[in-house]
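Note sheet for the following structure.
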Amino acid sequence: MTQLLWCSIDNDDSRDLDQISSIEQLEQGKVRVFVAVSDVDSVVKKGSPIDEHARLNTTSVYSSARVFPMLPEQLCTDLTSLNQDQDRLALITEMTFSGDGLLIESIIYRAVVRNKAKLAYDAVSEWFEGVAELPESAQKVAGMDTQLRMQDELAQKLRLLRRSQGSLELETFQPHAVYDGDIIIDIRQQPHNRARQLIEELMIATNGCTARFLAAQGTASLRRVVRSPERWQRIVEVAESYGWSLPDEPDGEALQAFLAMQHQADPLRFPDLSLVIIKLMGRGEYVVERPRGQSIGHFGLAVQDYMHSTAPNRRYPDLITLRLLKSTLAGEKSPYTYDELEALATHCTTQEDAAQKVERQVRKSEAALLLHDRRGEIFAGLIIGVGERGTWVRIFTPPAEGRLKGDLPTLNVGQKVKVKLVSTSVERGFIDFTIVH
């Protein structure tokens, strides 16, 4: 399938390309979309030393300065990466959608693919918005502009459908440090733009098709779930504090209506509201789905069937899923016993949590390092937390969070303030401010 107009869209500096996509127009407004995922298993065999290395890591860890890959770099950035102008083995999920974005059918199979254009989120999004030209690598491929427009159009339809079904549109604080060599020169908020939405929607659709395929074939698999919130009553209370009423029982559609209203009314504070809701919903986790078992589902995405399958270079659960797909397609016995999957589900959830803690700590230390020589300066900020453990503020430029020290007046979450930077600790990731009266 190397003849298709495949493209990848990822971060500017990404070298471990897991998936590429292509789309075709059909009759009656239908479209057929192809998502190809690198066949990492063709190189990284189950039980091999490299596989054990990947299992122990479980996930790649990302900081602004450096990536700590799950797999050795020679593999994930070369042999198992869907690099531009290179033939690669892949698993294809082929999906047909109606003109309204409804999934009609899907099939999964193996093929050889060739990435025609390596693209970056920001450049593609700026082109979508009409503020920049089509990226150069796309200009060199006849028809790639139409490809991207069609993929974007489908993604926006899928996004609207998910929202109508109760999928939650959350927006968290995602600072990204900018380096000049080894020196941090700025921190910027990472936008969730149209190109990111495009890839997100295609990946969600692919993950759903993968989960349903394995279930239909009677294959035990590793699902990605977010359970129905046990602390729903606390979410109801949060909504009430904003003057909004939610039902007594968990209702994703009602929660999304509240979130959409708040995003429009107060975009500045919306990331903090999002973080509160995420914490109350509970973390994502990996669980084993037995054949004909009861699906837990993913409350945040408002889908019943969901798994991670599109990033086998970066996440070990996706590599497990890849092996399950290949054995099922070949009519072979599953490479994993149920007990193995249970142990892996627990291990992957634990390791993912540990990796996220490391990433958060690095972001805090980066902010402390950037601000280290700016003690005594005054910053505009927003109160983001008030409690027994202290009062927390987020400054706007650069976007960073810290704790308020000293005697404080009565402060409320969402209140705009002026603060003075008094101390930083790069090692601990601490930033301390005092209030400016």
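Residues in the sequence shown are numbered from 1 upward in steps of one, following the UniProt record's numbering. Even for Gly, the Cβ is constructed at its ideal location relative to N, Cα and C.
- Taking every protein chain shown into account, the CB of Leu26 has fewer than 16 other CB atoms within 10 angstroms, so this residue is exposed.
- Per DSSP, His263 is not a residue of any beta strand (DSSP E); the alpha helix (DSSP H) it occupies stretches across Gly252 to Ala265.
- The stretch 53–61 makes no contact with the stretch 323–339, as fewer than three CB pairs between them are under 8 Å.
- Annotation for Thr397: no beta strand (DSSP E) segment contains it, and DSSP assigns it neither H nor E.
- The alpha carbon of Pro409 has as its nearest neighbour, out of Ala400, Val419, Glu401 and Gly402, the alpha carbon of Val419.
- Judged by DSSP secondary structure, Leu319 falls within the alpha helix (DSSP H) whose first and last residues are Tyr316 to Leu329.
- In the three-state reduction of the DSSP assignment, Pro335 falls in the coil class, being assigned neither a helical nor a strand state.
- Secondary structure in the stretch 14–43: the beta strand (DSSP E) runs of 3 residues or longer, each lying completely within the stretch, are 19–25 and 31–38 in chain order.
- Taking the C-beta atoms as reference points, Thr93 is found nearer than 8 Å to Thr210.
- For Glu126, there is no enclosing beta strand (DSSP E); the residue is part of the alpha helix (DSSP H) that begins and ends at Tyr121 to Phe128.
- The Cβ-Cβ distance between Arg114 and Asp145 does not fall below 8 Å.
- Given a length threshold of 4 residues, each whole run of the alpha helix (DSSP H) inside the stretch 201–254 is given here in chain order: 232–241.
- In this structure, DSSP gives Gln84 an extended state, which the three-state scheme calls strand.
- The continuous stretches of alpha helix (DSSP H) do not include Ala302, and DSSP gives it neither H nor E.
- Taking the C-beta atoms as reference points, Asn193 is found nearer than 8 Å to Ser125.
- For Gln189, the enclosing beta strand (DSSP E) has its first and last residue at Ile183 to Gln189.
- DSSP, read as helix, strand or coil, puts Leu103 in strand.
- It is roughly 15 Å from the alpha-carbon of Val358 to the alpha-carbon of His176.
- When the Cα atoms are used, Pro49 and His263 turn out to be separated by approximately 48 Å.
- Per DSSP, Ala380 is one residue of the beta strand (DSSP E) stretching across Ile378 to Gly387.
- For Tyr179, same chain residues with a beta-carbon under 8 Å away, outside a window of 5 residues either side, are Ser64, Ala65 and Ile185 in chain order.
- DSSP, read as helix, strand or coil, puts Val419 in strand.
- In this structure, Ala195 keeps its C-beta atom at 8 Å or more from the C-beta atom of Tyr109.
- In this structure, the alpha-carbon of Ile23 lies about 16 Å from that of Leu91.
- Annotation: Leu280 to Glu230 spans about 8 Å, alpha carbon to alpha carbon.
- Spatial neighbours of Thr310 in its own chain (CB-CB distance under 8 Å, excluding positions within 5 residues in sequence) are listed in chain order as Asp18, Gln19, Val35, Val37, Met203, Thr206, Asn207 and Asp318.
- Scanning its chain for C-beta atoms nearer than 6 Å, with the 5 sequence neighbours on each side dropped, one finds around Leu198 the residues Gln151, Asp152 and Ala155, in chain order.
- Straight-line measurement puts the Cα of Ala257 at about 9 Å from the Cα of Arg163.
- DSSP, reduced to helix, strand and coil, places Pro69 outside both helices and strands of the structure shown, so it counts as coil.
- Inter-residue distance for Arg428 and Arg403 is about 13 Å (C-alpha atoms, whole angstroms).
- Around the beta-carbon of Thr172, fewer than 16 other beta-carbon atoms lie within 10 Å, marking it exposed.
- As DSSP reads the structure, His176 sits in a beta bridge with Arg188.
- Listed in chain order, the non-local C-beta contacts of Met1 below 8 Å within the same chain comprise Phe34, Ala36, Ile92, Ala111, Val112 and Val113, local neighbours out to five positions each way being set aside.
- For Asp12 and Ala123, the gap between their C-alpha atoms comes out near 9 Å.
- A straight line joining the alpha-carbon of Gln189 with that of Tyr338 spans about 42 Å.
- Close CB contacts of Val31 within its chain, under the 7 Å cut and outside five residues either way in sequence, are with Ile23, Glu24, Gln25, Phe97, Met150 and Leu154 (chain order).
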